[in-house]
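Residue numbers (the working numbering), protein chains in the order written: chain A, 331 to 514; chain B, 192 to 391.
(1) Tell me, please, which residues DSSP counts as bridged to residue 485(A).
(2) Report buried or exposed for residue 398(A), applying the criterion of at least 16 other Cβ atoms within 10 angstroms of its Cβ.
(3) Examine the Cβ distances between the segment 244-252 of chain B and the segment 272-282 of chain B and report whether three or more of them are shorter than 8 Å.
(4) Given that residue 364(A) touches chain B, what residues does it touch there, using C-beta distances under 9 Å?
(5) Spell out a yes or no on whether the segment 251-267 of chain B and the segment 327-339 of chain B are touching, meaning 3 or more CB-CB pairs, one atom from each, closer than 8 Å.
(6) Just the Cα atoms here: how many angstroms apart are residue 496(A) and residue 482(A)?
(7) Does DSSP classify residue 364(B) as helix, strand or coil?
(8) Where residue 251(B) and residue 371(A) are concerned, what is the direct C-alpha to C-alpha distance, given to the nearest angstrom?
(9) Does the beta-carbon of residue 488(A) have 16 or more other beta-carbons within 10 angstroms, so that it is buried, or is it exposed?
(10) Quick one: give me the first and last residue of the alpha helix (DSSP H) that residue 345(A) is part of.
(11) Could you give the DSSP three-state label for residue 227(B): helix, strand or coil?
(12) Listing by chain order, which chain B residues have their CB less than 7 Å from the CB of residue 371(A)?
(13) Please return the same chain residues whose Cβ sits closer than 6 Å to the Cβ of residue 400(A), not counting the five positions on each side in sequence.
(14) Do residue 227(B) and residue 274(B) have their beta-carbon atoms positioned less than 7 Å apart in this structure?
(15) Output, in chain order, the set of chain B residues within a Cβ distance shorter than 8 Å of residue 380(A).
(16) Which chain A residues are close to residue 199(B), counting only those with a beta carbon under 9 Å from its beta carbon?
(17) By the criterion of Cβ-Cβ separation under 7 Å, what are the contact partners of residue 203(B) in chain A?
(18) Nearest CA to the CA of residue 201(B): which residue from 309(B), 268(B), 345(B)?
(19) Could you work out which residues of chain B lie near residue 349(A), taking near to mean beta carbons separated by less than 9 Å?
(20) Are any of the Cβ atoms in chain A nearer than 7 Å to that of residue 245(B)?
(21) Is residue 339(B) close to chain A? Criterion is C-beta to C-beta, closer than 7 Å.
(22) For residue 460(A), write down the residues that DSSP places opposite it in a beta bridge.
(23) With residue 205(B) as the anchor, note down where its alpha helix (DSSP H) starts and where it stops.
(24) Report the option in 372(B), 254(B), 333(B), 312(B) whose CA atom is closest to the CA atom of residue 322(B).
(25) Return the Cβ separation of residue 465(A) and residue 480(A) in integer angstroms, given the expectation that the two are a contact with Cβ distance under 8 Å.
(26) Please state whether DSSP places residue 314(B) in a helix, a strand or coil.
(27) Output the boundary residues of the alpha helix (DSSP H) element that contains residue 334(B).
(28) From which residue to which residue does the alpha helix (DSSP H) around residue 272(B) run?
(29) Pick from 270(B), 263(B), 254(B): whose alpha carbon is nearest that of residue 225(B)?
(30) For residue 375(A), return the contacting residues in chain B, with the cut-off set at a CB-CB distance below 8 Å.
(31) Let me know the secondary structure DSSP gives residue 259(B) once reduced to three states.
(32) Does residue 242(B) come out as helix, strand or coil in the three-state DSSP assignment?
(33) By the 10 Å Cβ neighbour count, where 16 or more other Cβ atoms means buried, how is residue 285(B) classified, buried or exposed?
(34) For residue 380(A), report the span of its alpha helix (DSSP H) as first-last.
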């Protein structure tokens, strides 16, 4: 109790506060409160176990993994494009569309490195976001999602060379499964 | 948590709870549910609001287990801060400040002296509760923390997010207001006076 005054009226209040504190110390929360709280605990952990990514730390880990993968893919992509093949504003690159660009098989998308793509090797699909304008230089015009970016998948070989690139198929547009329009 | 670990520190309990130890969280609840509930009850003047606020406070702790940093604040300080915010938010939504439920006003007599003085004491406490409930929340919370829960000025300052000097001045101002309320002329025919006269 903090009594730092000599005023008698305040002293009276202090004494009453002491009595009230003593009375309140006997107050017990209802027993059902504990039942409810522990039920919440059980529900929370059941959800976390059924969905590992619901945990904040798991989301952070997934985010860092995606960001690292995107950085690696961007680096690989920039190295994979030969200087001579890099497009200019006046002359876009002549990318090769193997299967018309609308297929769903492994051969779809833009072939980045022809020789390497023909070699049988284990591939890794890396999903990254990149500027729609950069994709346009490869001859692919895709409507940007937001911030002028599009989501693409890059097929990367064991040697770190990117073989193919394709935009992620938008689920909301069944009429245009890939959302890609190829330049002539 | 191993059986018999009830003397474990809060930090240990939090770590175990973070790893999914149900018993550790139950022990945290056991240690702090009373202060959380009492704070919310006195702050709101309602047992039902206090129950809801306590439930929400522990839900917040559950959600923030991974983010809670023991080096920044003790668990009690953290919980006081959470229940303070939750209660204030509830009161703001419900605009309910001086609705004392009957459980608040009644109480066991503090002593077994003559019935007149016991009744007068009970009346004084009931009035004190009403006066506290009518205080502005920034005064009410420091009275509850520093006077009723005996929280230090430093901890109270951390809980209400204000400098220690502000806590001191608010507390002093709150006591002045309460003293003024008790100095107001009483009704001549109060129950205590009537009982005293009958017993005289």
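All residues carry an ideal CB built from backbone N, CA and C; glycine is no exception.
In brief:
(1) Looking up residue 485(A) in the first chain gives position 155. Beta-bridge pairing links residue 485(A) to 455(A), 494(A).
(2) Within the first chain, the letter at position 68 stands for residue 398(A). Under this definition residue 398(A) is an exposed residue.
(3) yes
(4) The count along the first chain starts at 1 and reaches residue 364(A) at position 34. Neighbours of residue 364(A) on chain B, chain order: 217, 220, 221, 224.
(5) no
(6) For this step, residue 496(A) is matched to residue 166 along the first chain. For this step, residue 482(A) is matched to residue 152 along the first chain. Looking at the two C-alpha atoms, the distance is approximately 5 Å.
(7) Taking the second chain and counting its residues from 1, the one referred to as residue 364(B) is at position 173. Three-state result, residue 364(B): helix.
(8) Taking the second chain and counting its residues from 1, one reaches residue 251(B) at position 60. Taking the first chain and counting its residues from 1, one reaches residue 371(A) at position 41. Rounded to whole angstroms, residue 251(B) to residue 371(A) spans 11 Å at the Cα level.
(9) For the purposes of this step, residue 488(A) is taken as residue 158 along the first chain, with counting starting at 1. Under this definition residue 488(A) is an exposed residue.
(10) Residue numbering aside, residue 345(A) sits at position 15 when the first chain is read from its first letter. Looking at the DSSP string, the run of the alpha helix (DSSP H) that includes residue 345(A) is 338-354.
(11) Here residue 227(B) refers to the residue found at position 36 when the second chain is read from its first residue. Helix at residue 227(B).
(12) In the first chain, residue 371(A) corresponds to position 41, counting from 1. Ordered by position in chain B, the residues that pass the 7 Å Cβ test against residue 371(A) are 213, 216, 253.
(13) As a working note, residue 400(A) is residue 70 in the first chain. Result list for residue 400(A): 458, in chain order.
(14) Reading the second chain from its first residue, position 83 is the one you call residue 274(B). Reading the second chain from its first residue, position 36 is the one you call residue 227(B). It is a contact, given that the beta carbons lie within the stated cut-off.
(15) Reading the first chain from its first residue, position 50 is the one you call residue 380(A). Those within 8 Å of residue 380(A) in chain B number zero; the least Cβ separation is about 13 Å.
(16) To locate residue 199(B), count along the second chain from 1; it is residue 8. Going along chain A, no residue has its Cβ under 9 Å from residue 199(B), so there is no contact; the nearest lies around 18 Å.
(17) Position 12 of the second chain, counted from the first residue, corresponds to residue 203(B). Result: empty, since nearest Cβ-Cβ is about 18 Å, beyond 7 Å.
(18) Sequence index remark: in the second chain, residue 201(B) carries index 10 (1-based). Cα-wise, what sits closest to residue 201(B) is 268(B).
(19) Taking the first residue of the first chain as position 1, residue 349(A) is located at position 19. Those are 301, 312, 315, 316, 319, listed as they occur along chain B.
(20) Here the question's residue 245(B) lines up with position 54 in the second chain. Yes, contact with chain A.
(21) Along the second chain, read from residue 1 onward, the residue named residue 339(B) stands at position 148. Taking Cβ atoms only, chain A reaches closer than 7 Å to residue 339(B), which makes this a yes.
(22) As a first step, residue 460(A) is located in the first chain; it is residue number 130 there, counting from the start. Residue 460(A) pairs with 480(A).
(23) Numbered from 1 along the second chain, position 14 holds the residue referred to as residue 205(B). Element bounds for residue 205(B): 201-209.
(24) Counting from one through the second chain, the residue named residue 322(B) turns up at place 131. The residue with the shortest Cα to Cα distance from residue 322(B) is 372(B).
(25) What you label residue 465(A) is simply residue 135 of the first chain in a count that begins at 1. What you label residue 480(A) is simply residue 150 of the first chain in a count that begins at 1. Yes, residue 465(A) and residue 480(A) are in contact; Cβ-Cβ is about 6 Å, under 8 Å.
(26) On the second chain, residue 314(B) is found 123 positions in, with the first residue counted as 1. DSSP places residue 314(B) in helix when its eight states are reduced to three.
(27) Looking up residue 334(B) in the second chain gives position 143. Counting along the chain, residue 334(B) falls outside any alpha helix (DSSP H), and DSSP gives it neither H nor E.
(28) Locating residue 272(B) in the second chain gives position 81, counting from the first residue. Its alpha helix (DSSP H) spans residues 266-285.
(29) Position 34 of the second chain holds residue 225(B). Taking only the C-alpha atoms, the option nearest residue 225(B) is 270(B).
(30) Within the first chain, residue 375(A) is the residue found at index 45, counting from 1. Near residue 375(A) (Cβ distances below 8 Å), the residues of chain B are 211, 213.
(31) Walking along the second chain from the start, residue 259(B) turns up at place 68. Coil at residue 259(B), not helix or strand.
(32) Here residue 242(B) is taken as the residue at index 51 of the second chain, counted from 1. DSSP places residue 242(B) in helix when its eight states are reduced to three.
(33) In the second chain, the residue the question calls residue 285(B) occupies position 94. Looking at its Cβ environment, which holds fewer than 16 other Cβ atoms inside 10 Å, residue 285(B) is exposed.
(34) Here residue 380(A) is taken as the residue at index 50 of the first chain, counted from 1. It spans 361-380 - the alpha helix (DSSP H) in which residue 380(A) sits, taken as one unbroken run.
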